[in-house]
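Read through the structure below, which is laid out as structure tokens, and then see the notes.
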Amino acid sequence: MAMSWIWVVMVGVSILCGAATGRMEEVAGAALEGANAGVELCLAMVGVMCLWMGVMRVMEKSGMVQGLSRCLHPVLSRLYPQHARDQEIMGAVSANVAANLLGLGNASTPLGIRAAQLMADGGGVATDSLCMLVVCNTASIQLIPATVASLRQAAGSASAFDILPAVWLASAISVTVGVVAAKGMARLWR
Numbered sequence: 004m005a006m007s008w009i010w011v012v013m014v015g016v017s018i019l020c021g022a023a024t025g026r027m028e029e030v031a032g033a034a035l036e037g038a039n040a041g042v043e044l045c046l047a048m049v050g051v052m053c054l055w056m057g058v059m060r061v062m063e064k065s066g067m068v069q070g071l072s073r074c075l076h077p078v079l080s081r082l083y084p085q086h087a088r089d090q091e092i093m094g095a096v097s098a099n100v101a102a103n104l105l106g107l108g109n110a111s112t113p114l115g116i117r118a119a120q121l122m123a124d125g126g127g128v129a130t131d132s133l134c135m136l137v138v139c140n141t142a143s144i145q146l147i148p149a150t151v152a153s154l155r156q157a158a159g160s161a162s163a164f165d166i167l168p169a170v171w172l173a174s175a176i177s178v179t180v181g182v183v184a185a186k187g188m189a190r191l192w193r
């Protein structure tokens with residue numbers, strides 16, 4: 004709801020500034036150009052998102068998610084010790100991690116929500132595991148930043164994956180800091 008009001012205020016201020024400066028034609032032109040660019044960007048990203056969502060679906064159906072869950076179990080069991088023996092929760096978390104590794108922020112969100120629903124105890128209080136899930140989902144390591152690369156390609160980048168070393172470094176640092184902070188806060192608030 005707050006975002007709706009923020010957008011209304013921004014549009015209102017833009018219209019008022021355009022009217023005050025006598026540049027309403029440019030404001031209207033910019034609004035139409037922005038809407039057109041938004042639609043073009045969405046259409047450009049649909050193909051990439053469909054591809055990677057399909058890859059995730061094939062991974063789930065072929066059992067690769069379960070294999071990935073077994074591979075990630077040593078790390079994930081340390082991050083989520085309360086749920087280390089629950090295969091359903093660890094499978095949902097593994098699918099979320101896999102989507103994040105592929106840089107599929109939009110695809111990882113429903114997987115993260117599913118993992119959070121499975122972890123929730125119904126008490127309305129965020130557990131240490133839920134907080135860690137949010138941290139790991141938000142500050143995830145991305146091996147293939149598919150969404151960012153598709154945005155760069157849609158914007159006309161000659162080499163959309165030039166950003167790989169920077170993405171690897173930034174995501175590794177962010178997830179390390181996030182995990183350390185979450186573990187530290189969990190101990191501090193016991």
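Heads up, the sequence shown is in our numbering, so the first residue is 4 and it goes up one at a time.
Where a beta carbon is used, it is the ideal one built from N, C-alpha and C, also for glycine.
Using the rule of at least 16 other Cβ atoms within 10 Å of the residue's Cβ for burial, across every protein chain shown, is residue i buried or exposed?
i           : result
residue 82  : buried
residue 68  : buried
residue 115 : buried
residue 101 : buried
residue 119 : buried
residue 111 : buried
Alpha carbon to alpha carbon, what distance is there between residue j and residue i?
i           : j           : result
residue 20  : residue 14  : 10 Å
residue 44  : residue 152 : 13 Å
residue 121 : residue 76  : 17 Å
residue 123 : residue 33  : 45 Å
residue 95  : residue 17  : 44 Å
residue 89  : residue 72  : 11 Å
residue 63  : residue 92  : 14 Å
residue 4   : residue 11  : 11 Å
residue 37  : residue 161 : 23 Å
Contact defined as beta carbons within less than 8 Å: I believe residue i pairs with residue j. What is the distance between those atoms, to the nearest angstrom?
i           : j          : result
residue 131 : residue 47 : That belief does not hold up - the Cβ atoms of residue 131 and residue 47 are roughly 40 Å apart, past 8 Å.
residue 104 : residue 55 : So it is not a contact: roughly 11 Å between Cβ atoms.
Considering only C-alpha positions, which residue in the set the options is nearest to residue i?
i           : options               : result
residue 156 : 92, 9, 35 and 51      : 51
residue 99  : 79, 87 and 65         : 79
residue 140 : 164, 113, 129 and 161 : 113
residue 144 : 22, 8, 175 and 65     : 175
residue 137 : 154, 23, 186 and 26   : 186
Notebook entry, point to check: For the region 140 to 153 against the region 170 to 179, are there 3 or more C-beta pairs whose distance is under 8 Å?
Noted result: yes
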